[in-house]
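> The structure under discussion is supplied below as structure tokens; questions concerning it will follow.
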Ligand code: SF4
């Protein structure tokens, strides 16, 4: 175990180093950062009852989680009533094979996808490509990372780590063979070019796969919010529509939906509502002008049911708004890829060890200053930093941390609990450091503290500790 | 908690914090002076060292519990416990009670202890309503809101209000004053490159603010900020708010050289 975690450690630190030295990443992240934060704040300030709505949103999610089986059954019943199919997938592999089967059975060759983090979670694209499908991402950000051969680095802004120049280069490289030989650099022109490339794909697609922001139990509908409208085209143009969602996405009613939508877009992008909120409830009916012939829902567990009833249950409230990422200073510094899996930032650091195993990402819960900004902004009030701390306790108890660090902690705690001895012992390094600093105010090197002193002075400690001064001055206090 | 006759002074136990104790004793002397100015009888229990955050934040509950019991016992006979640090105050106040979920007797004691624990600026501003501070310092300051104090104890206006009483001081707000400086205790050593990135951002904003000095209520953050400013030869001076309120700013600021003899 400790071997695994030390390899992991090196890998994580390597990814962090790469990210911190990546000029493009740093430029892109610096640009994105304050935009999200300022816009959310404006939206929050414009809605005086925002915090009450957050409470209501939390309560809805909590209620669902305590009655998850009931709502999932109700939802399934309704989907079937509407003429759709519901498939239950225990894990990613099962989900992929269900979806691949549906695609094959419908004779599909081309699959379009709307943005779906859960399909990233199940590594759906490679699974479909392996059975001969061409997979086209239709969300602009997803499309960009797909061209770059990368994974999304943000749960709502997949290409947030890319600068516009990088996107220009990517488009130029991939679109020139299609006849788009001009090098476009402006935002709008880039969007238009991508749209027109994608339009042809929409029309030729056999299967459309989307995620779902919510599944409404009372109607059997799935709800997708986007700002590009690509969800619509993905859902309604192809013959077959497949919805993929985690089991925690179900909510009771349309009324609950309106509450959740009010906090979702505001928290995510600072909009009152996303540009497109689309509700689909099944295959085309005879009276409908358009829509798919077949409608499937694939519900993924993949470790979620194990979180029910655990200390981490509140994490299942997550509505994937991305606010915790946008407000996390660590995420802002290292970007999403450094986290090592598809869910980055605070929500990812809580979720990844829960879905992939406690020993799968030992660094994530630790690479956090516990500043609590994530918890402050989460629309469904997930106590993210408390959950990260809980992970640390879990790691300590499962001995996933290094033996040396546990030993040091124990020795230190032993000393701390003997204050007089502690005061005597600590006076030695104090005296030495103070001498070495020679009145300069700071040390440029301290033992075991290179991480600090490589980039910062270590302010010189005082010659004599407060308690020792106090008790030598004020004998009366003894 | 005992209720008081107006003529008997309230007793305050100062929880010094290990950083003030070892790194910057003047912060604790300043706290004592301010509390005495507010007519409190200050006690400094000798059996104190650290609140246990390094253990707590490393997930080591067993050791955290032992340390918590020790602190709670040591401060059992004062009316209030005052802490010149938001993050240590939060540990005593909000984290200790959670450690004893399986031990009712200690849970009650921890809660009682939590109820009488205050962060210094909050205590001075809200509880004893400190007035007539006799301190003067010429210059423009900016304030770094340390995360835990800000988010867990709602410390924001208290320091700013108290500092209004210091003659000659003017406030220039820091952009992103509520964003973490990257200290995070052991985080600053374990993930030092991320920590450096964050403190560099912080120091850039400090320099952009053109303030002469940075004040704050948590030594951890201040040592981090001062260390980075000094390495970059930036001129802004760094003080703990208690030092400024107590008029103890004649000596070197945090991380600054001692004046030449
Ligand atoms: S944890 Fe909260 S803030 Fe983060 S993505 Fe989920 S809902 Fe949004």
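Residue numbers (this note's numbering), protein chains in the order written: chain F, 8 to 485; chain X, 3 to 263.
Idealized CB from N, CA, C, for every residue including glycine.
Taking residue 138/X as part of the beta strand (DSSP E), name the residues at either end of that continuous run.
As a working note, residue 138/X is residue 136 in the second chain. Taken as a continuous stretch (DSSP letters only), the beta strand (DSSP E) holding residue 138/X covers 138-146.
> Which residues in chain F have a C-beta closer than 8 Å to the C-beta of residue 18/X? List them in chain order.
On the second chain, residue 18/X is found 16 positions in, with the first residue counted as 1. Residues of chain F passing the Cβ test: 473 and 474.
> Applying the criterion that 16 or more other CB atoms from any shown protein chain within 10 Å of the CB defines a buried residue, is residue 354/F buried or exposed?
The residue you call residue 354/F lines up with position 347 of the first chain. Counting Cβ neighbours within 10 Å, residue 354/F comes out buried, since at least 16 surround it.
> Taking the beta carbon of residue 262/X as the centre, do at least 16 other beta carbons fall within 10 Å, making it buried, or is it exposed?
Translated into positions along the second chain, residue 262/X becomes position 260. Annotation note: pLDDT 48 at residue 262/X (below 50); position unreliable, coordinate value reported separately. Label assigned to residue 262/X: exposed.
> Cβ of residue 358/F within 8 Å of Cβ of residue 350/F?
Taking the first chain and counting its residues from 1, one reaches residue 358/F at position 351. Taking the first chain and counting its residues from 1, one reaches residue 350/F at position 343. In this structure, residue 350/F lies closer than 8 Å to residue 358/F by Cβ.
> Does DSSP classify residue 435/F as helix, strand or coil?
The residue labelled residue 435/F in the question sits at position 428 within the first chain. Of the three classes helix, strand and coil, the one that applies to residue 435/F here is helix, per DSSP.
> By the 8 Å beta-carbon criterion, what residues does the stretch 142-157 of chain X contribute toward chain F?
Going along the stretch 142-157 of chain X in chain order, one finds 149, 150, 153 and 154 with a Cβ nearer than 8 Å to chain F.
> The ligand SF4 and residue 330/F: does the residue's C-beta get closer than 7 Å to at least one heavy atom of that ligand?
Your numbering for residue 330/F matches position 323 in the first chain. For the ligand SF4, at least one heavy atom lies less than 7 Å from the Cβ of residue 330/F.
> Shorter than 8 Å from the beta carbon of residue 23/F to some beta carbon of chain X?
What you label residue 23/F is simply residue 16 of the first chain in a count that begins at 1. Chain X, which has a Cβ nearer than 8 Å to the Cβ of residue 23/F, makes this yes.
> Looking at chain X, which residues of the stretch 367-389 of chain F have a Cβ within less than 9 Å of any of its Cβ atoms?
Of all residues in the stretch 367-389 of chain F, 370, 372, 373, 374, 375, 376, 377, 378, 379, 380, 382 and 383 have a Cβ within less than 9 Å of some Cβ in chain X.
> Which runs of the beta strand (DSSP E), 3 residues or longer, sit entirely within the stretch 104-130 of chain F?
Qualifying beta strand (DSSP E) stretches, in chain order: 117-120.
> When you compare the CB of residue 213/X with every CB in chain F, is at least one pair closer than 8 Å?
Counting from one through the second chain, the residue named residue 213/X turns up at place 211. Cβ-Cβ to chain F under 8 Å: no for residue 213/X.
> Per DSSP, residue 306/F is paired with what?
The residue you call residue 306/F lines up with position 299 of the first chain. In the DSSP output, where bridge partners are listed per residue, residue 306/F has 95/F and 252/F.
> Closest to residue 75/F by C-alpha separation, out of 193/F, 258/F, 342/F and 338/F, would be which residue?
Counting from one through the first chain, the residue named residue 75/F turns up at place 68. Checking every option, the nearest Cα to that of residue 75/F belongs to 258/F.
> Based on the DSSP output, what are the partners of residue 152/X in its beta bridges?
Counted from its first residue, the second chain places residue 152/X at position 150. Answer by DSSP bridge pairing: none, since residue 152/X is not bridged.
> Taking 7 Å as the cut-off, is the beta-carbon of residue 351/F closer than that to any non-hydrogen atom of the ligand SF4?
If you number the first chain from 1, residue 351/F lands on position 344. The answer is no for residue 351/F.
> Could you pull out every unbroken beta strand (DSSP E) segment of at least 3 residues lying fully inside the stretch 197-255 of chain X, listed in chain order?
Complete beta strand (DSSP E) runs here, min 3: 215-218 and 239-242.
> Would you list, in chain order, the members of the stretch 180-209 of chain X that have their beta-carbon closer than 9 Å to a beta-carbon of chain F?
Here the close residues are 180, 181, 182, 183, 184, 185, 186, 187, 188, 189, 190, 191, 192, 193, 194, 195, 196, 197, 198, 199, 200, 201, 202 and 203.
> Flag this pair as touching only if the stretch 155-170 of chain X and the stretch 125-145 of chain X have three or more C-beta atom pairs under 8 Å; answer yes or no.
Yes, since at least three Cβ pairs between the stretch 155-170 of chain X and the stretch 125-145 of chain X fall closer than 8 Å, the two stretches touch.
> Is residue 87/X near the ligand SF4, going by C-beta to nearest heavy atom under 7 Å?
Position 85 of the second chain, counting from 1, holds the residue named residue 87/X. Flag unset: Cβ of residue 87/X not near the ligand SF4.
> Should residue 327/F be counted as a contact of the ligand SF4 given a C-beta to heavy atom distance under 7 Å?
Here residue 327/F corresponds to residue number 320 of the first chain, with the count starting at 1. Yes - the ligand SF4 has a heavy atom lying nearer than 7 Å to the Cβ of residue 327/F.
> Measuring CA to CA, which of 144/X, 254/X, 177/X and 201/X is closest to residue 219/X?
The residue you call residue 219/X lines up with position 217 of the second chain. Residue 219/X has its Cα closest to that of 144/X, out of 144/X, 254/X, 177/X and 201/X.
> Using 8 Å for Cβ pairs, my map puts residue 176/X next to residue 211/X. What's the rounded Cβ distance?
As a working note, residue 176/X is residue 174 in the second chain. As a working note, residue 211/X is residue 209 in the second chain. Indeed they touch by this definition, with Cβ atoms about 5 Å apart.
> Does residue 53/F pass the burial test, meaning 16 or more other C-beta atoms within 10 Å, or should it be called exposed?
Mapped onto the first chain, residue 53/F falls at position 46. Exposed: under 16 other Cβ atoms inside 10 Å.
> Would residue 61/F pass as a contact of residue 388/F if the rule is Cβ separation under 8 Å?
What you label residue 61/F is simply residue 54 of the first chain in a count that begins at 1. What you label residue 388/F is simply residue 381 of the first chain in a count that begins at 1. Yes, the Cβ-Cβ distance between residue 61/F and residue 388/F is below 8 Å.
> Please state whether DSSP places residue 449/F in a helix, a strand or coil.
Numbered from 1 along the first chain, position 442 holds the residue referred to as residue 449/F. If DSSP states are grouped into helix, strand and coil, residue 449/F belongs with the strands.
> From which residue to which residue does the alpha helix (DSSP H) around residue 311/F run?
Position 304 of the first chain, counting from 1, holds the residue named residue 311/F. Element bounds for residue 311/F: 311-314.
> Applying a beta-carbon distance threshold of less than 8 Å, which residues of chain F neighbour residue 2/X?
Summary: the structure shown does not reach residue 2/X, with chain X confined to residues 3 through 263, and so no result is reported for it.
> Answer yes or no: does any C-beta atom of chain X fall closer than 8 Å to that of residue 179/F?
Sequence index remark: in the first chain, residue 179/F carries index 172 (1-based). False, the Cβ-Cβ gap to chain X never drops below 8 Å.
> Residues in its own chain within less than 8 Å of residue 196/F by CB, not counting five upstream and five downstream?
For the purposes of this step, residue 196/F is taken as residue 189 along the first chain, with counting starting at 1. There are no such residues.
> If we define contact as Cβ-Cβ less than 8 Å, is residue 238/X a contact residue for chain F?
Residue numbering aside, residue 238/X sits at position 236 when the second chain is read from its first letter. No, its Cβ sits nowhere closer than 8 Å to a Cβ of chain F.
> Check whether the Cβ atoms of residue 96/F and residue 305/F lie closer than 8 Å to each other.
Working through the first chain from its first residue, we reach residue 96/F at position 89. Working through the first chain from its first residue, we reach residue 305/F at position 298. Yes, they are a contact pair.
> Taking the C-alpha atoms as reference points, what is the distance between residue 208/X and residue 233/X?
For the purposes of this step, residue 208/X is taken as the residue at position 206 of the second chain. For the purposes of this step, residue 233/X is taken as the residue at position 231 of the second chain. About 14 Å.
> Note down, in chain order, all residues in the stretch 135-167 of chain F with a beta-carbon under 7 Å from any beta-carbon belonging to chain X.
So nothing in the stretch comes that close.
> Just verifying my parser: in three-state terms, what is the DSSP assignment at residue 125/X?
For this step, residue 125/X is matched to residue 123 along the second chain. Reduced to three states, the DSSP call for residue 125/X is helix.
> Does the beta carbon of residue 32/X sit closer than 8 Å to a beta carbon anywhere in chain F?
The count along the second chain starts at 1 and reaches residue 32/X at position 30. No, residue 32/X does not count as interfacial toward chain F.
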